[in-house]
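Line by line, the protein sequences are chains A and B.
Everything in the first sequence is counted per the numbering used here, starting at 1 for the first residue and increasing by one.
Everything in the second sequence is counted per the numbering used here, starting at 1001 for the first residue and increasing by one.
Idealized CB from N, CA, C, for every residue including glycine.
Report on one structure; see the data block that follows.
2 protein chains.
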Amino acid sequence: MLSQHYKDMLGQKSVIREMNAAAFAMGEKIGHDQIFNFSLGNPSVPAPDSVNETMLRLLKNEDSLALHGYSESHGNLKVRGQVAEYLKKTYGLPYTADHVFMASGAAGAIAHALRAVACPGEEVITFAPFFPEYRPYVNETGAILKVVPADTERFQINFEAFEEMLSEKTAAILINSPNNPSGIVYSTETIQRLADTLRKAQETFGHDIYLISDEPYREIVFEGVDAPCISAFYDNTLMCYSFSKSISLPGERIGYVAANPACKDAETIIHMCTQISRGIGHNCPASLIQLAVGEVLGDTADLSVYETNSNILYNELTAMGFSIVKPGGTFYMFPKAPISDAKEFCQKALEYRLVIVPSDSFGVEGFFRVAYCVPTETVERSLDSFRELAKFYGM
Amino acid sequence: MLSQHYKDMLGQKSVIREMNAAAFAMGEKIGHDQIFNFSLGNPSVPAPDSVNETMLRLLKNEDSLALHGYSESHGNLKVRGQVAEYLKKTYGLPYTADHVFMASGAAGAIAHALRAVACPGEEVITFAPFFPEYRPYVNETGAILKVVPADTERFQINFEAFEEMLSEKTAAILINSPNNPSGIVYSTETIQRLADTLRKAQETFGHDIYLISDEPYREIVFEGVDAPCISAFYDNTLMCYSFSKSISLPGERIGYVAANPACKDAETIIHMCTQISRGIGHNCPASLIQLAVGEVLGDTADLSVYETNSNILYNELTAMGFSIVKPGGTFYMFPKAPISDAKEFCQKALEYRLVIVPSDSFGVEGFFRVAYCVPTETVERSLDSFRELAKFYGM
Chain A
1 MLSQHYKDML GQKSVIREMN AAAFAMGEKI GHDQIFNFSL GNPSVPAPDS
51 VNETMLRLLK NEDSLALHGY SESHGNLKVR GQVAEYLKKT YGLPYTADHV
101 FMASGAAGAI AHALRAVACP GEEVITFAPF FPEYRPYVNE TGAILKVVPA
151 DTERFQINFE AFEEMLSEKT AAILINSPNN PSGIVYSTET IQRLADTLRK
201 AQETFGHDIY LISDEPYREI VFEGVDAPCI SAFYDNTLMC YSFSKSISLP
251 GERIGYVAAN PACKDAETII HMCTQISRGI GHNCPASLIQ LAVGEVLGDT
301 ADLSVYETNS NILYNELTAM GFSIVKPGGT FYMFPKAPIS DAKEFCQKAL
351 EYRLVIVPSD SFGVEGFFRV AYCVPTETVE RSLDSFRELA KFYGM
Chain B
1001 MLSQHYKDML GQKSVIREMN AAAFAMGEKI GHDQIFNFSL GNPSVPAPDS
1051 VNETMLRLLK NEDSLALHGY SESHGNLKVR GQVAEYLKKT YGLPYTADHV
1101 FMASGAAGAI AHALRAVACP GEEVITFAPF FPEYRPYVNE TGAILKVVPA
1151 DTERFQINFE AFEEMLSEKT AAILINSPNN PSGIVYSTET IQRLADTLRK
1201 AQETFGHDIY LISDEPYREI VFEGVDAPCI SAFYDNTLMC YSFSKSISLP
1251 GERIGYVAAN PACKDAETII HMCTQISRGI GHNCPASLIQ LAVGEVLGDT
1301 ADLSVYETNS NILYNELTAM GFSIVKPGGT FYMFPKAPIS DAKEFCQKAL
1351 EYRLVIVPSD SFGVEGFFRV AYCVPTETVE RSLDSFRELA KFYGM
């Protein structure tokens, strides 16, 4: 018989995908260029030339069996070494290949990290607003996702609520900075306090608590914003990285787990990741992509458009009366809706050809996400629609 | 705390990998060309030129955002259509894109298919000899793997034992023909009887029973051997395919699940696969590889070396006195060991620089697997070693 569990999941459609589908349907009617689609977090700038150049070179010069052959079960050893060297150079922590597991994007990295450190019945804590896919990642391990209510003033961490939520059942904390959907970067003060709180909790409850740090937007940080290396603050940190956003390769499904060398079980966790892969039948990202990213570490796509768009939208929308915590990075912002029902607001926005996502599935009510990974020209053309929408609500 | 479950798996090393490691260690001492390494099922022939040519063309001509962008959650729609069209043309069954889910090799395909149709506590039946990774694939769904003892005379199906094992708990049957490790292809008679038995069991137990057909060696079938399309015999068949062996791309992790259009829940199962992917954080194979295989369907590497090697080994080893069921395909054969302890035999073989794998982890005692995906010259040079080994055992 079919698994009722997965059948039930079929009903749980992603709101983001639904809004995108609405945008598509409307675009088919009135022309896609008439729609201001801010629903999807899909990079809008091409990969840096170095990516395709590297792949072309590998395809032309490398032996077919080596290029397309099986990777080691942790990922290609050479690439793991390259990643470790890059992290060491960039963040000053003594990573080696033994601390790195190649994964299919941050999604794969997080799902592996969670399975390694969270057992059925244990708890994983995350902070609203959060990426909705965290829910299936955690649910499928058998652990329970607990959500700390948002600090809606600054989108840093609501420490009071967090400390109340910590318990002996706490296995891991899952954070995302720079943050989807708020665009906020956790300050040094926030991360320091988070690390201190976790160290204290480890002592109180007598077991390790892991910090799973989801960092696909690490390179998309705006001018003047301090974005400290999270792993440097807390030994039991598992960094989950994706090349999807920084070099615009979301479809190539490539990223990694890097366990902090200071974590006493770092190497064991990396070995455990290979066993987790075995059971789900996913043995490594594609070899060509692994080899390619190993050669272009540190390169980025031209990410400047995101900051340009962010500044335009922030300035214009705040001038219209929207209340927004200014993004420090990513390609998202998370303004407050003028009414408490964000879903109703986003439905209304559709009438103005604006496709934005209500905040509810991100764990907060009354906000909306604008994914401004679109051409700047689209942002500029959308402003009249935002103005009319604001006017409708008497702003 | 670390997951004890995955920590425990760390101890369960693959015998195949261990033999390969032994080969490597010995090679470091006496020279790798002195070792006859028949341990790994790694293709020995390059991918067909069309693969790299297609990838080069895509990299040069396609828009970066389209080429490297997110796939739909079932896999690239165009590629799914191409696969369906190919299957329809080749096997005469009315596949459409709705019946195809792109997966990371047969491993990913099987793991998804199992999660879709087998629930915790239910049973999945496979037939010895079988690929040892079936065990983690099934275990991790929470279902129980039941193994039908081998028909050691012909390596077809031991139907008597199989029929006894069928019960109301049976959710799925997992088969692999052409077979790793025996090299045997199930005859039309075997598949017909299997299908009849399953239809009867469905009726008896009042629920669907799925046939998960693992087919990575589908194109490696030797002259004169009949290799019928398994899906054509049984409606509830989920074909799990990989491009790893046919076009020598094992590291690129690309394959698919194709649900038989005659299966009443085919489309639901394909949708369920996307939800399964969500929970394990593995959203689609890499986009470039998906697009590339869609363009080269039906192409194969030059697979003739496998038949050449098979014939040499079969003729020579049987002449030495080994008892072998003649392979019909793949690049494996599965001779009987001259002593009952296959592990001891394979350890002894190492002294003759022969790296072969004992049959125990494949679910049969007293046999050994020879993976002859090596240059023919290696096969020829190995014969003296086999002769000496046979002589040691007084054959």
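query                                                                                                                                                                     : result
Can you have a look at A1025/B and say buried or exposed, based on whether 16 or more other CB atoms are within 10 angstroms of its CB?                                   : exposed
At what residues does the beta strand (DSSP E) containing A1371/B begin and finish?                                                                                       : 1368-1371
Rounding to the nearest angstrom, what Cα-Cα distance links L1383/B and T1330/B in this structure?                                                                        : 20 Å
I need the boundaries of the alpha helix (DSSP H) containing N1311/B, first residue and last residue.                                                                     : 1304-1320
What's the C-alpha gap between A1109/B and N1176/B?                                                                                                                       : 13 Å
Note down, in chain order, each residue of its chain lying with its Cβ closer than 7 Å to the Cβ of G1298/B, except the 5 sequence neighbours on either side.             : Y1086
Counting beta carbon pairs with one atom in the segment 205-222 of chain A and one in the segment 241-260 of chain A, are three or more of them shorter than 8 Å?         : yes
Do you know offhand how far G27/A's Cα is from L350/A's?                                                                                                                  : 11 Å
Under three-state DSSP, which class holds C284/A?                                                                                                                         : coil
How far does the beta strand (DSSP E) with M1239/B in it extend, from its first residue to its last?                                                                      : 1237-1242
To the nearest angstrom, how far is the alpha carbon of Q1004/B from that of A143/A?                                                                                      : 14 Å
Measure from the alpha carbon of P1136/B to the alpha carbon of each residue in H1032/B, K1078/B, S1361/B, then state which is nearest.                                   : S1361/B
In three-state DSSP terms, what is F1101/B?                                                                                                                               : strand
Do the segment 1271-1290 of chain B and the segment 1300-1309 of chain B make contact, defined as three or more Cβ pairs closer than 8 Å?                                 : no
Where T1268/B and A1107/B are concerned, what is the direct C-alpha to C-alpha distance, given to the nearest angstrom?                                                   : 21 Å
Suppose contacts are defined by Cβ-Cβ distances below 7 Å. Is A1292/B in contact with M1009/B by that definition?                                                         : no
Can you list, in chain order, the residues of its chain with a C-beta nearer than 7 Å to that of N283/A? Leave out the 5 residues immediately preceding and following it. : S73, S277
Could you give the distance in angstroms between the alpha-carbon of A195/A and the alpha-carbon of D49/A?                                                                : 38 Å
Looking only at C-alpha atoms, which of S1014/B, L1313/B, V1079/B sits nearest to I1254/B?                                                                                : V1079/B
With distance defined between alpha-carbon atoms, name the residue in D208/A, K336/A, H68/A, Y241/A nearest to V370/A.                                                    : K336/A
Which stretch, first to last residue, makes up the alpha helix (DSSP H) that contains E1168/B?                                                                            : Counting along the chain, E1168/B falls outside any alpha helix (DSSP H), and DSSP gives it neither H nor E.
Using a Cβ-Cβ cutoff of less than 7 Å, which residues in the same chain neighbour K326/A once the five nearest sequence positions on both sides are dropped?              : Y314
Counting only Cβ pairs nearer than 7 Å, list the residues of chain A close to Y1070/B.                                                                                    : N42, P250, G251
Starting from C1119/B, find everything on chain A with Cβ-Cβ shorter than 9 Å and list it in chain order.                                                                 : M1, L2, S3, Q4, H5
Does the beta-carbon distance from I1157/B to T1188/B come in below 7 Å?                                                                                                  : no
So, at 6 Å on beta carbons, what are the nonlocal neighbours of E295/A in its own chain, with the 5 sequence-adjacent residues on each side left out?                     : T54
Quick check: what's the CA-CA separation for S71/A versus P1285/B?                                                                                                        : 15 Å
How many Å lie between S1044/B and P1375/B at the Cα?                                                                                                                     : 7 Å
Would M395/A be called buried (16 or more neighbouring beta carbons within 10 Å of its own) or exposed?                                                                   : exposed
Hey, does G1255/B have any beta-carbon neighbour from chain A nearer than 7 Å?                                                                                            : no
Give a yes or no on whether the C-beta atoms belonging to I125/A and I184/A are separated by under 7 Å.                                                                   : no
Restricting to Cα atoms, I'd like to know which of L354/A, T378/A, E377/A is closest to F368/A.                                                                           : L354/A
Using DSSP bridges, identify the partner residues of M1333/B.                                                                                                             : V1370/B
From the DSSP output, which residues share a beta bridge with A1259/B?                                                                                                    : L1238/B
What does the alpha-carbon distance come out to for the pair Y1332/B and F101/A?                                                                                          : 31 Å
Can the beta-carbon of E1168/B be found less than 7 Å from the beta-carbon of F1205/B?                                                                                    : yes
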